Amino acid sequence: AAYLAPLVDAVTRGDATATVQTVGRALAGGRDSLRLLDGGLVRAMRQAGARYEAKQCHLPELLMSVDAFYEGFARLKTRLPGSADAGPRVLLGTVQGDLHAIGKDLVRILLEANGVGVIDLGVDVSKDRFVAAMARYRPAIIGLSAFLTAARRQLPALIGSLRSSGNENLKVVVGGAAVNAVIATEVGADGYARDAVAAVKLIRGLIT
Ligand code: B1M
1 AAYLAPLVDA VTRGDATATV QTVGRALAGG RDSLRLLDGG LVRAMRQAGA
51 RYEAKQCHLP ELLMSVDAFY EGFARLKTRL PGSADAGPRV LLGTVQGDLH
101 AIGKDLVRIL LEANGVGVID LGVDVSKDRF VAAMARYRPA IIGLSAFLTA
151 ARRQLPALIG SLRSSGNENL KVVVGGAAVN AVIATEVGAD GYARDAVAAV
201 KLIRGLIT
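Read left to right, the sequence shown gives residues 1 to 208 (my numbering).
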């Protein structure tokens, strides 16, 4: 839609001020918050990421887009549908040494928007932190994000530890740029999702 173009433009240019203003205007005009997230902020972040990967921009420019994304996200967050009474069901985190947050954050937001409770451990989460949180929250599902090759290499041992310390029905779901459906099976996960929409579908299917 045409009203999303200025938002995509602001994020890809890395203009946080324009991003926040555009989100504010769109919300005031009654635009749907999930649409602004998906068709605006996320689409722009994908474009910025693709430009960086194609070496059409440098890291500082990518970082400016990341910044604009999060500022716009913060402005939008309060208006996204929440999960008032959903109990915590999914424990989510990016694995140790890996600091990529955006994709994981989107998975969390979309799960919450769909009524699934999430405990988000953040990024750079060690095996011990996962195990401790699992004992504390007893989630039905653990979601692991891995974006770096180095993160993917940890998955077999990490998933092995989670399984031996969790209950036997525990389901482990993986996602992120470093994994795909084949790798997910190889590392011992129960499922893989390529984006946040697919993650919601997968996880809801595993819960019920
Ligand atoms: Co970095 N990075 N990065 N990076 N970065 C990648 C991952 C990379 C593929 C880019 C590249 O070089 N081609 C590459 C990894 C290569 C590899 O190891 N094989 C890479 C690298 C090398 C690095 C650094 C080492 C760069 C450096 O410093 N030289 C460094 C590492 C830091 C660290 O983690 N220790 C680094 C840093 C950064 C930034 C800080 C600049 C920034 C992250 C900012 C942040 O997250 N706060 C960044 C970014 C933005 C990217 C790319 C370009 C874009 C990622 C992104 O946000 N995409 C990325 C390229 C790529 O992913 N192909 C790249 C938008 C987002 C909406 O999509 O992340 O795919 P995505 O998330 C999706 C799905 O993956 C899925 O749903 C999400 C939403 O739809 N998903 C799940 C994610 N988690 C899921 C979990 C699930 C299910 C689905 O179930 C639990």
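Cβ atoms here follow ideal geometry from the backbone N, Cα and C, with glycine treated the same way.
No experiment lies behind these values; they were computed from the predicted model shown.
query, result
"Near phenylalanine 69, which residues of its chain fall below 6 Å by C-beta distance, leaving aside the five closest residues on each side in sequence?", "Val11, Leu41, Met45"
"Do you know offhand how far aspartate 15's Cα is from serine 65's?", "7 Å"
"How would you label alanine 1, buried or exposed, when you count the other beta carbons within 10 angstroms and need 16 or more for buried?", "exposed"
"Give me the DSSP bridge partner(s) of aspartate 269.", "What the structure shows of the chain is the stretch from 1 to 208, and residue 269 is not part of that stretch, so it cannot be assessed."
"Confirm the yes/no value for this check: CB of histidine 58, any heavy atom of the ligand SAH, distance under 7 Å.", "This structure lacks the ligand SAH; the ligands present are the ligand B1M."
"Determine the closest residue to valine 179 out of Ala28, Thr94, Arg25, with distance taken between C-alpha atoms.", "Thr94"
"What do you reckon, are the CB atoms on alanine 150 and valine 123 nearer than 8 Å?", "no"
"I want to check one thing, is the minimum distance from the CB of tyrosine 137 to the heavy atoms of the ligand B1M below 7 Å?", "no"
"In whole angstroms, what is the alpha-carbon distance linking alanine 50 and aspartate 67?", "16 Å"
"Answer with buried or exposed for serine 145, where buried requires no fewer than 16 other C-beta atoms within 10 angstroms of its C-beta.", "buried"
"Per DSSP, which residues does serine 145 bridge with? Please list them.", "Thr94, Gly175"
"For the ligand B1M, is there a heavy atom less than 7 Å away from the beta-carbon of valine 182?", "no"
"Going by alpha carbons, who is nearest to valine 118 out of Arg129, Leu106, Asp128, Lys127?", "Leu106"
"Closer than 6 Å by C-beta to arginine 13: which residues in its own chain qualify, once you throw out the five before and the five after it? Chain order, please.", "none"
"Give the range of the alpha helix (DSSP H) segment to which alanine 68 is assigned.", "59-77"
"Secondary structure at glycine 115, three-state DSSP: helix, strand or coil?", "coil"
"Label valine 23 either buried or exposed according to how many other C-beta atoms from any shown protein chain fall within 10 Å of its C-beta, with 16 as the threshold for buried.", "buried"
"Using DSSP with H/G/I as helix, E/B as strand and the rest coil, what is glycine 49?", "helix"
"Should serine 126 and leucine 80 be called a contact, given that it needs their Cβ atoms to be closer than 8 Å?", "no"
"Checking the sheet assignment: what are the DSSP bridge partners for valine 125?", "Val95"
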